[in-house]
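First the structure, in the form of structure tokens, and then the observations on it.
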Amino acid sequence: MNDGRSPEPVHSVRGYLFVYFALLAGTGLTVWASFIPFGSREINIGIALLIAGVKAFLVAGYFMHLISERKMICNVMGFTAFFFLSLMFLTLYAMHDFPPTTVTH
Amino acid sequence: MDIPYTVQPRPDTGVYNAKMGIWLFLASEVMLFGGLFSAYVLLRVGADAWPHGWLNIPLGTANTFVLITSSITTVLAWVSLKNNQFSRFKLFHAITLVCALCFLGIKSFEYRDKFMHYEITLANGKFADGHLIGKSRDFDLAKKTGSVTLHGYEVDQEVDLMDLHRPEARHIQREEITIPAVEIKKMGNYGPWHNTYTAIYFTLTGLHALHVIGGALVIGFLWGPGSRMWKTDPERFTNRVEVSGLFWHFVDLIWIFLFPVLYLL
Amino acid sequence: MSTYLNKFPPHRDDDRAHEHSHHDPGFWRTYIFSTDHKVIGIQYGLGALSFMLFGFFLMLLMRWQMAHPGEPVPVVGWLLEKTLGQVAARGALSADLYNSFGAMHGTIMVFLGVVPLAFAAFGNYVVPLMIGAPDMAFPRVNMASYQCYVLGGIVMLVSFFIPGGAAQAGWTSYSPLATSIPTDGQIFWIIGMALIITSSLLSAVNFIATIIQLRAPGMTWMRLPFFVWAQFVTGFLLLLAFPPLEAAAIMQLMDKVAHTSFFLPTGLAIGGQLANASGGGSPLLWQHLFWFLGHPEVYVLILPAMGIVCEIIANNTRKPIWGYKSLVYSALVVGFLSFLVWAHHMYLTGMGQKIATFFQATTMIISIPSVIILTCLLISLWGGSIRFNTPMLFALGFLPMFGMGGLTGLPLGLAPSDIHLHDTYYVIAHFHYVVAPGTIFALFAGIYYWFPKMTGRKMNEFWGRVHFWCSFVFMNIVFLPMFAQGMKGMLRRMADGGANYSAARVPGAIDTLPNSIMALHTWILWAAMALGLAQIPFIINLFWSIRHGEKVKSDNPWQSTTLEWQTPTPPPHGNFATPPRIYRGPYEYSVPGHATDFFPQNEPPDFVATPEVSTAH
Amino acid sequence: MKEWFGEKILGLPQLASSNGRGVDDLIIYVHWLMLALFIGWTIYFLYAIRRFRSSRHPKADYHGVRGHTSNYLEVGVALVEAVLLIFVAVPIWARNVSQLPSPGESTVIQVVAQQFAWNVRYAGPDGVFGRQDMKFVASDNVFGVDPADASGKDDIQLLNEIHVPVNKPVIIYLSSKDVVHSLKIIAMRVCQDAIPGLRVPVWFTPTRIGRYQINCAQLCGNGHSAMSGGFLTVESPADFDKWLKSKSGAATSFE
Ligand code: HEA
Ligand code: HEA
Ligand code: CUA
Ligand SMILES: [Cu+2]
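Chains as they are written, first to last, in the numbering used here: chain A, 4 to 108; chain B, 40 to 304; chain C, -14 to 602; chain D, 27 to 281.
The following block contains the structure:
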């Protein structure tokens, strides 16, 4: 996030290619990791989401040049991410905080 | 007065109008898919058993490669314009379009596969599962006449169909089995109605596919008739390519989450 | 300051020449497929007012039914039977029809009436003018947004006439009810909503981009009129809260047409039949996604109204708004928090202690910035020189009315008191006080206030006063008794007005509704009719004044400081003849030492103003 | 004073349970706050618009109010709200949802709502409900009782009538077989949505003998307003036992 200057688009093709191959590698890695039993399903899910997160960061950060984008846009996306997470986790939490002895089926 | 900052960035915000607009639009898209992702998490957490390994991982991986490739060609197309190389732009954008079509092709093949895939509850309490090869001419489930033929296998309990990812499941022998209608209690394919997993799978990927189609239409326009603007207003055209590219990357980004979430986990 | 201005390149001289090169675009492009924000604003306004009138008409029929359950509706009963058929047999409302009308009253009022009027109509017309912009950032997107709105409205209207009638599951469309009712009305509702949501999203993108990008040189954030701030926050609410509802609508549509089970749990047996669905879904998921929109939506209804009231109060007290910064920050905080309170509509769905505490706490916290906003507006009156013209009357009327509505939100916001009040007429009264005498009054105020800008003529002052006083009195007679009814436990959405729970019908039970409470129905019915009649002077006044109203003597008839009054009236295509430059905040009224009692935002500081000079163009 | 205000000014309906006192108290306290604010501001408001009308006050004051009174007021409102929340609302809610009375010393009932009536089920003489599972749910077995379970044989199943002894906690396990309904018994200050797919407990202690109407508070279809046939009868323990005996014969079994 640079605030002072207008964003300098990354014209280096090599940089983009690097990100590209990182993304391909990441895809391979997720598939591979999903077949390895890490002990519990949760760990597998965590690893897959972590890799997906990194890949998403690469796409958003470099292909969409978010990391060199202005603060305003980063703020908007930041709030959006926050509201998305609160929607997901508060709902999830609400579904796990029924009065005791409630039966769900 | 004309509308300012349609091409040049506004000094204090550093972006031109359309770029601001597309980012705002993407924010709303995040919430749209966010709603569906929340639904996914909730349904999954609430389910007794969540299917595993129901989708074709090699195809999914291939499709991921295709989309990532289309993403880089979009960036490179924009870079080409920035560097004043119009014919390279045409080439890269063409690749993007081919990738988009390829993605949709693979996706529709996968859809078809699911619609051909049947689970049959047998009268003896067992379950048959597999791809439909054909039904006899007089097949009528209501009247219990005729028979169906599947390429698949039988299991004792429905939960055995849930995890096709586990090692034993991967080595199950599939064969052609013919089941007379009298032995069938219930029969249904793996369409969205099958269970909450297929429901969210079809909804999420369907909505994603609509985005791919929309993006492809825009990119196709900018590649074809829209590219005439390069002659009259190159800067504005470059901006348009950038904006459509942002949308395209976003579609890619969604897939990056959809793939592990639906195929692998 | 000057460095800020210097960042902007000087405008090219050929701007004006460009202006004249526009040739007459013809009727269709001028009035129907216009991309001019002012025309679109007026289109939205007329459309939304018509829908509001229609929504009110539905409500009159419902109020008749409540006061006289099962009796044929006088005057229009035969027409209902003719057009709607069996559901209106003998010209009386069946329970199905009552439920349709209720659901559509809510939907139409909220999504086709108030949001389009408050956000889209006023936002379109006023915001670009206020920030010194030539138009919206994306004029064609703007047109598309309006067309989606019209299409969505048509879909909603058509749904009344399909077999089975319009949606019947309330504006909240809770699953599984919404999926189980055997009419396609719900599908129409979903498609209509999808169009309306698209329209709102496009508008929201456009407004936010416009406000960020097209502020004239010198129009810094803290010099924006509060109305623009309100629209800005509203834009974000629409942008981020609507999509989850769209996602939910897609899922409900899938449940309905593809027989999925997103919102249908296992073992559902509707009408004695086990549901033909796989099960495994959750009805509460729909409620969460709906209220994730639903709550921010209510602030979408109120923030623009507060913005309008703020402008009018500043103008008619002839003094700066007290606490401008607090207003702005409060609006931002309200916007932010409104995403975190939604489950206060769901306390009684079975909510554990921790999550209930969280949502009660956020609900109480969000009431504080609302209190601050109201306090600022009220304190602004002190020391003013108040002119009581029609817009000001409506704006002043807004304050106590919103106060009542907002305050009655507090007992609803605390879960234990909500046990008694939930789904009673207390809730109906609570939110109608905020949306009807609250928001609608503010919208009336805005119409009277900006009408001269749109037409160059004022609306008739006398009839405006008649409109205000009659509306004020009858609104209160309609809604005040509802608090009493709700407190006694009268439930909402009762096709018979609660008769089945009344002491008259159900002898011997202890907690039935006393006759005095049921008798209030008659009062409300008559007051609602009178309220309807009170709108006639307004409607006539509105259309009559376009041609025959008193001509304004200058472009700035209210002697206002904000930018929309510093252009020709009505503003030409492109709005400003020369690009404006802004030197000061929005509410510089009665500045000590200044010649006039208003100091427009774009008047250079060294300019020695006299009233004639500053208003003539 | 408090009761008088609640009954006469607010018009709260009769209260017939011990847990409803807290609900009513909270309603009353909040309304005191609301009234104080509303009356205070209204007086200020009317005074201000009279005092500062342009005919009387032709020249507006650029600065207006300069003090900090309003800040104190806002902080005050926040404080009162915080107190009400932390010391009244949260404890009541906690008691309501987390501190169920023990089943042994309460009347335990299951209720399944349907369009447009209430199915009621008692455990019968043995005091044990039959085993339940969703897979047994059928149109004539809304509770999903396992037909093979012996403890279900003496369960009592009724439509639209709930009887409970006075002064003994009642726990209702509430569910729905079709759409969302809401069980509301006004005098008990009880309201709980009946959500298909969930079985939620709700409890109260009736303190007054009598007959109460059960309201359905959630829109549930075209019969919503007519879903009013259910009654709660609170009676003396002796009467209750007699009633329960008379119903035991009516035990429904699922074969
Ligand atoms: C514009 C719309 C709007 C606004 C602004 C609000 C504002 C608030 N609302 Fe309301 N609400 C609705 C529209 C609105 N609401 C609707 C439509 C529903 C029903 C939906 C449905 O079920 O169909 C609803 C329902 C609703 C519920 C659910 C009730 C139930 O179903 O059981 C709750 C519960 O917490 C609630 C709380 C609040 C609170 C705490 C505020 C607070 O933000 C209020 C804060 C404001 C104040 C505290 C006022 C301060 C003013 C003064 C102090 C000055 C007084 C001045 C003078 C007298 C001159 N509302
Ligand atoms: C913005 C929202 C809004 C508005 C403004 C209103 C306005 C009114 N509402 Fe409504 N209402 C809702 C939103 C709104 N309502 C919602 C969401 C519900 C819940 C639905 C559900 O249960 O699902 C509801 C439910 C509801 C009920 C409960 C029904 C039930 O539970 O069974 C009642 C009962 O009296 C009612 C009455 C009224 C009345 C008398 C008005 C009056 O105030 C109307 C005032 C309007 C006018 C006076 C017309 C103004 C228009 C003009 C003057 C037009 C001029 C035209 C031209 C120039 C062309 N409403
Ligand atoms: Cu059951 Cu309303
Ligand atoms: Cu709310």
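Note that beta-carbon positions come from the ideal geometry of N, C-alpha and C, so glycine has one too. The structure displayed is predicted, hence computed values, not measured ones.
task = From the DSSP output, in three-state form, read off B/K224 for me.
result = In the structure shown, B/K224 sits in a strand (DSSP, three-state: E or B).
inquiry  = Looking only at its chain, what residues have a beta carbon closer than 6 Å to the beta carbon of C/F36, apart from the 5 residues adjacent to it on each side?
reply    = Correct list, in chain order: I93, L97 and G98.
ask   = Between which two residues does the alpha helix (DSSP H) containing B/V69 stretch?
value = Unbroken alpha helix (DSSP H) run through B/V69: N56 to G85.
Whole-angstrom distance between B/G253 and C/I116, CA atom to CA atom = Between C/I116 and B/G253, the C-alpha separation is close to 34 Å.
message = On the CB-based measure, 16 or more other CB atoms within 10 Å of its CB, does C/F528 come out buried or exposed?
response = Exposed, since its Cβ has fewer than 16 Cβ neighbours within 10 Å.
key: Interface flag, D/H57 vs chain C, CB-CB below 8 Å   = At least one chain C Cβ lies under 8 Å of D/H57.
ask   = Does ligand 2 have even one heavy atom less than 7 Å from the beta-carbon of C/R48?
value = A heavy atom of ligand 2 is found nearer than 7 Å to the CB of C/R48.
query = Quick one, which residues of the region 43 to 65 of chain B are near chain C if we go by CB-CB under 7 Å, in chain order?
reply = So the close ones are P43, Y44, R49, P50, D51, T52, N56, M59, G60, L63 and F64.
task = Could you name the residues that DSSP lists as bridge partners for C/D582?
result = Residue pairing for C/D582: DSSP places it in no beta bridge.
query = Alpha carbon to alpha carbon, what distance is there between C/Q551 and C/P585?
reply = Between the alpha carbons of C/P585 and C/Q551 lies a distance of about 8 Å.
request  = Starting from the beta carbon of C/I235, find every residue of chain B whose beta carbon is closer than 8 Å, and list them in chain order.
outcome  = In chain order: L75, T242 and L246.
query = Quick one, which of B/V300, B/G284, B/W269 and B/P97 has its alpha-carbon nearest B/T237's?
reply = Ranking B/V300, B/G284, B/W269 and B/P97 by CA distance to the CA of B/T237 puts B/V300 first.
inquiry  = Quick check: what's the CA-CA separation for C/S19 versus C/T554?
reply    = Taking C-alpha positions only, C/S19 is separated from C/T554 by approximately 19 Å.
inquiry  = Does any residue of chain D have a CB that is nearer than 8 Å to the CB of A/T107?
reply    = Yes, contact with chain D.
key: At least three beta-carbon pairs within less than 8 Å, the region 102 to 113 of chain B to the region 127 to 146 of chain B   = Judged by Cβ distances under 8 Å, the region 102 to 113 of chain B makes contact with the region 127 to 146 of chain B, as three or more pairs qualify.
query = Taking 7 Å as the line, does the beta carbon of C/M94 fall inside it for any heavy atom of ligand 2?
reply = Under cutoff, so the answer is yes.
inquiry  = Please output, in chain order, the residues near ligand 3 using a CB cut-off of less than 5 Å to any non-hydrogen atom of the ligand.
reply    = Ordered along the chain, the selected set is D/H207, D/C242, D/C246, D/H250 and D/M253.
message = When you measure from the CB of C/V319 to every non-hydrogen atom of ligand 4, does any distance come out below 7 Å?
response = No, the beta carbon of C/V319 sits no closer than 7 Å to any heavy atom of ligand 4.
inquiry  = One question on the structure: do D/I197 and D/P227 come within less than 8 Å of each other, judged by their Cβ atoms?
reply    = Contact: yes.
inquiry  = Measuring CB atoms only, is the region 201 to 208 of chain C touching the region 287 to 301 of chain C, in the sense that at least three cross pairs come out at less than 8 Å?
reply    = No, the region 201 to 208 of chain C is not in contact with the region 287 to 301 of chain C.
task = Starting from D/V196, follow the beta strand (DSSP E) in both directions and report where the run begins and ends.
result = Counting along the chain, the beta strand (DSSP E) containing D/V196 begins and ends at V196 to S202.
ask   = Taking the alpha carbon of C/F468 as the point to measure from, which residue in C/V458, C/T393, C/A189 and C/P305 has its own alpha carbon closest?
value = Comparing alpha carbon positions, the residue from C/V458, C/T393, C/A189 and C/P305 closest to C/F468 is C/T393.
key: the region 231 to 241 of chain D / the region 157 to 173 of chain C touching (three or more Cβ pairs under 8 Å)   = Segments in contact, no.
message = Quick check on A/F66 - is its C-beta less than 8 Å from some C-beta in chain D?
response = Residue contact with chain D for A/F66: absent (no Cβ-Cβ distance below 8 Å to any residue of chain D).
task = Select from A/F101, A/L90 and A/L32 the residue whose C-alpha is nearest the C-alpha of B/Y79.
result = Ranking the options by Cα distance to B/Y79, first place goes to A/L90.
key: Members of the region 34 to 50 of chain C that neighbour chain E once the beta carbon cut-off is set at 8 Å   = This model lacks chain E altogether, as its protein chains are A, B, C and D.
request  = Can you tell me which of the three DSSP states D/M27 falls into?
outcome  = Here D/M27 sits in coil by DSSP.
key: Coil, strand or helix - B/C138 by DSSP   = Helix, per DSSP.
Contained alpha helix (DSSP H) runs [length at least 4] in the region 14 to 55 of chain A, N- to C-terminal order = Here the runs fully enclosed are 16 to 38.
query = Any heavy atom of ligand 2 closer than 7 Å to the CB of C/G87?
reply = Result yes, Cβ under 7 Å from ligand 2.
Listed by chain order, chain B residues near A/A63 by CB distance under 7 Å = Correct list: L292.
query = Using DSSP with H/G/I as helix, E/B as strand and the rest coil, what is C/Y568?
reply = Three-state result, C/Y568: coil.
query = So what's D/S274 in DSSP terms, helix, strand or just coil?
reply = DSSP places D/S274 in the helix class (H, G or I) of the three-state scheme.
task = With a 10 Å radius around its C-beta and 16 neighbouring C-beta atoms as the bar for buried, classify C/F387 as buried or exposed.
result = Buried, because 16 or more other Cβ atoms sit within 10 Å of the Cβ of C/F387.
task = Determine, using beta carbons only, whether C/F344 and C/H329 come nearer to each other than 8 Å.
result = At a Cβ-Cβ threshold of 8 Å, C/F344 and C/H329 count as neighbours.
C/H329 beta carbon near ligand 4 (any heavy atom closer than 7 Å) = Within the chosen limit of 7 Å, ligand 4 reaches the beta carbon of C/H329 through at least one heavy atom.
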